[in-house]
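First the structure, in the form of structure tokens, and then the observations on it.
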Amino acid sequence: MSIYDFTVKDTYGDEVPLSDFKGKVLLIVNTASKCGFTPQFEGLEKLYTELSEKGLEILGFPSNQFANQDPGTNEEIRNFCLLNYGVSFPIFEKIDVNGDDAAPLYQYLKKEKGGIAGKNIKWNFTKFLVDKDGKVVKRYASATTPEAIRGDIIKLLG
Amino acid sequence: MEVNVYSIPNCPMCNVAKEFLKANSISFIEHDVASDRQAAKDMIVKTGQKAVPVVEIDGEFIIGFDQDKMEELLGL
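Each protein sequence line maps, in turn, to chains A and B. Take 951 as the starting number for the first sequence in the numbering used here and just add one per residue. Take 26 as the starting number for the second sequence in the numbering used here and just add one per residue.
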């Protein structure tokens, strides 16, 4: 079983095999499902803009499992949202990351890299780093900023 | 009068725009641009941008929720 055996769906319902991303360094992130500005989206977009040509791909999976705990501040004030959350890396169909209905990809990621306090995803923007051979090498908590992961990504890009 | 609303789920201001139309008994066609690829393309081509909601009133586009502009174009 490898990460390349999984297939996910884009926001239009079309199937995307993860084998499409063979040979890339992947950062897999469960994103907030609400629209609006968050510094994490901005940081991820920056990483993507800088490193996508060198072989980084960021895959975003919106999940509404933390929606009720969303502090919801900035997004309420703005009078618009951006399609695809205003980022240029791929955003996929909304999924569950925890529980019986958790997407198979997330069951696999959590099995490969459990968190410090158990396997479950605690919050939006938990990140999994996958090397060019498909190995899940590291898991980062929500609070870890995209900037803080940059060094690890660059090492894997080689 | 033809009114189209381009929106995405979980977008507070998209909901406000739709509620405003409903409260004023204005019927409209809703396009979920997160799940309808063709509608998304149309919206981007017609408006040259990716922000939602977009409210189209008889061929005129309002980007974001702008109550004053909506009232003006709807003659409210």
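Where a beta carbon is used, it is the ideal one built from N, C-alpha and C, also for glycine.
| Item | Value |
| --- | --- |
| So, does the CB of tyrosine 916 (chain A) fall closer than 8 Å to a CB anywhere in chain B? | The displayed coordinates of chain A run from 951 to 1108. Any statement about residue 916 (chain A) would go beyond what the structure contains. |
| For asparagine 980 (chain A), which residues in chain B fall below 7 Å Cβ to Cβ? | Residues of chain B passing the Cβ test: none, with the nearest at roughly 15 Å. |
| Counting only C-beta atoms, is glycine 73 (chain B) closer than 8 Å to chain A at any point? | no |
| Report yes or no: is there a C-beta of chain A within less than 8 Å of the C-beta of alanine 64 (chain B)? | no |
| Measure the C-alpha to C-alpha separation of methionine 30 (chain B) and glycine 1049 (chain A) and round it to an integer number of angstroms. | Strictly speaking, residue 30 (chain B) in this sequence is valine, with methionine absent from that position. Cα to Cα, the separation comes out at about 35 Å. |
| Looking at C-alpha atoms only, which residue of A:Tyr1056, A:Leu1055, A:Pro1054 and A:Tyr954 is the closest neighbour of glycine 973 (chain A)? | A:Tyr954 |
| Tell me cysteine 1031 (chain A)'s beta-bridge partners as DSSP assigns them. | B:Val77 |
| Note the first and the last residue of the continuous alpha helix (DSSP H) segment covering leucine 997 (chain A). | 989–1001 |
| Report the start-end ranges of each alpha helix (DSSP H) in the region 1042–1096 of chain A that is 4 residues or longer and not cut off at the edges. | 1054–1062 |
| Along chain B, in chain order, which residues have C-beta atoms closer than 8 Å to that of asparagine 1029 (chain A)? | Met38, Gly89, Phe90 and Asp91 |
| Have a look at A:Phe956, A:Asn1029 and A:Val975 and flag the residue whose alpha-carbon is nearest the alpha-carbon of lysine 929 (chain A). | This structure cannot settle anything about residue 929 (chain A), because the visible part of chain A is limited to 951 through 1108. |
| I need the boundaries of the alpha helix (DSSP H) containing lysine 94 (chain B), first residue and last residue. | 92–99 |
| Which chain E residues are close to alanine 48 (chain B), counting only those with a beta carbon under 7 Å from its beta carbon? | Absence of chain E from the displayed structure is noted, the protein chains being A and B. |
| To which residues of the same chain is alanine 76 (chain B) closer than 7 Å at the C-beta, ignoring the five residues directly before and after it? | Ile88 and Gly89 |
| Helix, strand or coil: how does DSSP classify proline 34 (chain B) here? | coil |
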